[in-house]
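Here the protein sequences line up with chains A and B, keeping their order. If you count by this note's numbering, then the first sequence holds residues 1 to 261, one letter each, in order. If you count by this note's numbering, then the second sequence holds residues 1 to 647, one letter each, in order. Even glycine gets a Cβ: it sits at the ideal position worked out from N, Cα and C.
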Amino acid sequence: MNFTLKIWRQENSKAKGRFKTYKIENISPDCSFLEMLDILNEKLIHDKIELPVDPVAFDHDCREGICGMCSLYINGHPHGPEQGTTVCQVHMRKFQDGDTIVIEPWRAKAFPIIKDLMVDRSAFDKIIQEGGYISASTGGVPDANSILVSKEYADMAMDAAACIGCGACVAACKNASAMLFVAAKVSQFALLPQGHPEAKRRVQAMVSKMDELGFGSCTNTYACEAECPKNISVEHIARMNREFLKSKLTHAEKKRIGGFG
Amino acid sequence: MTQLNAKIPQGSLQEKWTNYKANQKLVNPANKRKFEIIVVGTGLAGASAASALGELGFNVKVFCIQDSPRRAHSISAQGGINAAKNYPNDGDSIWRLFYDTIKGGDFRSREANVYRLAEVSNNIIDQCVAQGVPFARDYAGYLDNRSFGGAQVSRTFYARGQTGQQLLLGAYGALSKEIKRGSVKMYTRHEMLDLVIVDGIARGIITRDTITGKIERFAAHAVIIATGGYGNVYFLSTNALNCNASAIWNCYKKGAFFANPAFVQIHPTCIPVHGDYQSKLTLMSESLRNDGRIWVPKKKEDVEAIRSKKLRAVDIPENDRDYFLERRYPAFGNLVPRDVASRAAKERCDAGYGIGPTGLAVYLDFSESIRRLGRDVIESRYGNLFQMYEKIVDENPYENPMMIFPAVHYTMGGLWVDYELQSTVPGLFVAGEANFSDHGANRLGASALMQGLADGYFILPYTLQNYLADQIGVQKFETDLPEFELAEKETIEKLQRLLAIQGKYSVATLHKKLGKIMWENVGMARDEARLKQAIEAIRSLKQEFWKEVYVPGSLTGVNDELLKANRLADYLELAELIAHDALLRNESCGCHFRVEYQSEDGEALRNDEEYKYVSCWEYQGEGVEPQLHKEPLEYEFVELKSRNYKV
Ligand SMILES: Cc1cc2nc3c(=O)[nH]c(=O)nc-3n(C[C@H](O)[C@H](O)[C@H](O)COP(=O)(O)OP(=O)(O)OC[C@H]3O[C@@H](n4cnc5c(N)ncnc54)[C@H](O)[C@@H]3O)c2cc1C
Ligand code: FES
């Protein structure tokens, strides 16, 4: 198969970027999208078509759809055309021979571009650091089977926990909101008894960090769910909103009681 | 010459770890604050070690290559994690997990280490549940188990097909908690390129910031390496693309012994290779062998008909199918250990019964389980794996059996460590897949996750204190010591040399060549002639590399090709050591199968008289043959037997 690739090239975070066009030929339909980019880079290196030689920089690692490294915006869709799939698992047979393919990085204020198609997603780590965990120090915990979790809830928690933290939800959202990412974590722990003691603190701290880091607000367009490679549902956003409201209510109550004391 | 002392504690197997803990030295809380520890790697081993040490009050610096610690290779582990909980009441115990692991490793691991691993396995499950890891549950809310190869009990805990992801996110959560508390400082996108030794003791590392290209120095009282395995020497493997051997290899070159490099596991159930542009191989989890049956046609004409697409698998009647694992190993059937299953598949393909376009594949068939349990049940157990298979192969595995073939997956070899997980360099500790400790010549499924978390949560927090207790009073290190300066200079010089070659081949071109040499000669079946050939071929490829590699760009800024070239330079040296180790081990054990040493029916022939030892290699300098040291393996508590999975 033959393709025309329009790829975003940007020297570094400060430089101005632009699209560059590359032709690529004889690609097997069984080739993955990232393997196609590997072939392009090999061509840039071997044929020295452009000088200085500068292969296209993109993030990737597992190439199995689980690490969340890969992050390409293809023809207007995070991770490309296939639903519920990371770009590393998209194969070229999903395209038509002769297609022009536009490849860009994630675009969001909170994810500055590093080079070409690589972005800085450390904002996600910062949100998790605010409380995206259960503070169980090592050792001194009860036997695993002393905490019962119904299959239904365990399954729902697993649905939320399947998030790979790739940032497609942010890239898909016109407001660059991180609601789906944050909600998936809050929801996982809201669904498990182990998560309850810290629930209020967790949701408040994570939401306020998200706002502080420059992610936009959620206006319920659900583009995030549609583009999520792990099919994380917006139901989790609803659950997080309930958790948030609950935390505010009980928090206010505590203050009032404090005032009486 | 360095003397090997494994420092196994006194007492019966059951008493050793208890005795160790009772007699070890501790560091009091006020002193803990004065210590700096470097942890390299944020996989299960590194993330768990860093968080547990942070909780204790040490100052920890932790490094990883990816943009977030959550993306370490452990994330892609699928099938599960073992523990001796015996929740299903099917006869499991710490002893049985220990014994299965020793036997699975073909009696080439240390009894004391493996017993301790089995002992702490249950704590791991407790810890992970407390962290909110959503393990699979039954309808009453209790934890569910499945079976893995090499065991006759169900002891594997799992979170759908994403167990590694969930365990790693648990450890990442604990790490994030400590980062927030300020006890741990995280350095992402930092690749360790060298170890710094001061007065014979590990005191720091040299890294490259993969974004800015800056070379940096970091100092500490102790260094923990948890950088994973070296399977990518073979180019194609199930490992993530950033997995590399550079950290452990440079520790080796600074004096840490490398143990059992030839013990490389080839996993039976991977999606077959389909093109030379391929960048990696995809694993289909071992858990599939719970419900899938492996077969090839009995008749050559059926094989031909399938290859030429005149027949499909479903057209072959039951009687004309050869379920070769069930036939050869009735007691364990499809659940024999990985090395046994891989070799059996290779044997059938070599005999001309392989299917698929290349003849290098066998079937993994779920039709019987789907009939027995229903498609829903199979889907709930393995849905994401079936989906992954369909995406790659473009065939529906619910209707046609999967095609699978063995691929490089895991490395049992690694840096040599004693019972305390300390290498031969004082102050240098090694955890997870990077060390050689627990799996002998073959690792059982679902035991790597167990080992990584055991090392990090429950072993290093003890043994490291025993070491540091003697370091109280040693002031914080500065990085302006001449040793740091020299290590930094050497690192920069190596990178500059790579940039200066300006040859005609890309790194990938040369790496593929190395992969081919290794897969064909140092893979599933090895023999003297081919190993010798491989060593020659690796040497000349190394020369070609240093003459003909082309690395664009410069030292500064993002430069993936430079990173890859540096890793390949290390692989080329490690590859030779792997082949050399394989050549000297004149026996077949676990995954190390020497064609010359097999029984009449093709089973591995171990030689306990002469080879019941860990081979530990000591670096002697560029171009000089490394020195072999042997750590004898004593079996005090189990009887040495030849492995039998037939009855
Ligand atoms: C596809 C697949 C499925 C698997 N499934 C299972 C399973 O079901 N059960 C099981 O028990 N095991 C399984 N395994 C094996 C298991 O996943 C690994 O052995 C284990 O996760 C290794 O963990 P680790 O912490 O030692 O290293 P890793 O998870 O590999 O982490 C290495 C860390 O070190 C960092 N690093 C590496 N080099 C450097 C450097 N030079 N400088 C700085 N940082 C560096 C990386 O960034 C990373 O953070 C599977 C393996 C694969 C490939
Ligand atoms: S590379 Fe890991 S999810 Fe795509």
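Taking a C-beta distance under 8 Å as the contact criterion, Ser437 (chain B) and Val417 (chain B) qualify as a contact pair.
Between Lys504 (chain B) and Arg539 (chain B), the alpha-carbon positions lie close to 19 Å from each other. Counting along the chain, Ser51 (chain B) sits inside no beta strand (DSSP E); it lies in the alpha helix (DSSP H) bounded by residues 44-56. Val182 (chain A) is bridged by DSSP to nothing; it lacks a bridge partner.
For the pair Pro626 (chain B) and Ile164 (chain A), the Cα-to-Cα distance works out to about 43 Å. At a cut-off of 8 Å between C-beta atoms, Thr86 (chain A) does not count as an interface residue with respect to chain B. At a cut-off of 8 Å between beta-carbon atoms, Met388 (chain B) makes contact with chain A.
Taking the Cα positions, Met518 (chain B) is about 25 Å away from Tyr363 (chain B).
Taking Asp99 (chain A) as the centre and dropping the five residues before and after it, the same chain places the C-beta of Phe3 closer than 7 Å to its C-beta, in chain order. Collapsing the DSSP output to three states places Thr269 (chain B) in a strand. The beta carbon of Asn12 (chain A) is closer than 6 Å to those of Lys115 in its chain, skipping five residues each way along the sequence. Every alpha helix (DSSP H) of 4 residues or more that sits fully in the stretch 142-194 of chain B is shown, in chain order, as 163-181. Counting only the Cα atoms, Arg108 (chain B) lies some 18 Å from Ala151 (chain B). Nearest C-alpha to Asn59 (chain B) among B:Glu520, B:Thr18, B:Pro29: B:Pro29. With at least 16 other beta carbons inside 10 angstroms of its own, Ile102 (chain B) counts as buried. Leu249 (chain A) and Leu180 (chain A) have their C-alpha atoms spaced approximately 23 Å apart. With fewer than 16 other beta carbons inside 10 angstroms of its own, Tyr398 (chain B) counts as exposed. In this structure the stretch 418-433 of chain B lies against the stretch 196-207 of chain B, because at least three pairs of beta carbons, one per stretch, are closer than 8 Å. Proximity of the beta carbon of Arg121 (chain A) to ligand 2 is not indicated: no heavy atom of the ligand is located closer than 7 Å.
In the structure shown, Asp126 (chain B) falls within a helical segment according to DSSP collapsed to helix, strand and coil. Note that the stretch 259-268 of chain B does not touch the stretch 67-83 of chain B; fewer than 3 beta-carbon pairs, one per stretch, sit closer than 8 Å. Put simply, the stretch 69-87 of chain A does not touch the stretch 289-309 of chain B. Fewer than three CB pairs are less than 8 Å apart. Checking the 7 Å criterion, the Cβ of Asp67 (chain B) is out of range of every heavy atom belonging to ligand 2.
In this structure, Gly255 (chain B) and Tyr619 (chain B) form a Cβ contact; the two beta carbons are roughly 7 Å apart against a cut-off of 8 Å. For Thr188 (chain B), at least one C-beta of chain A is nearer than 8 Å to its own C-beta. Gly41 (chain B) is not a Cβ neighbour of Thr238 (chain B), given a cutoff of 8 Å. About 17 Å separates the beta carbons of Leu444 (chain B) and Asn435 (chain B), which is beyond the 8 Å limit, so they are not a contact pair.
Its Cα nearest to that of Asn644 (chain B), the residue B:Cys589 stands out among B:Cys589, B:Leu169, B:His439. In chain order, Tyr613 place their CB closer than 6 Å to the CB of Pro632 (chain B), counting only its own chain and leaving out the 5 sequence neighbours on each side.
About 36 Å separates the CB atoms of Asp339 (chain B) and Val141 (chain A); that is not less than 8 Å, and the two are not in contact.
Selection B:Gly229, B:Glu639, B:His274, B:Phe135 evaluated against Asp30 (chain A) yields B:His274 as nearest (Cα-Cα). Per DSSP, reduced to three states, the secondary structure at Lys564 (chain B) is helical. Excluding the 5 residues flanking it on each side, Thr156 (chain B) has same chain C-beta neighbours closer than 8 Å at Gly79, Gly80, Ile81, Asn82, Asn145, Arg146, Ser147, Phe148, Ser287, Gly445, Ala446, in chain order. Asp125 (chain A): member of the alpha helix (DSSP H) spanning 122-129, first to last residue. Contact with chain B is found for Ala162 (chain A), since one of that chain's Cβ atoms lies less than 8 Å from the residue's Cβ.
Checking the DSSP bridge columns, you'll see Asp322 (chain B) partnered with B:Val296.
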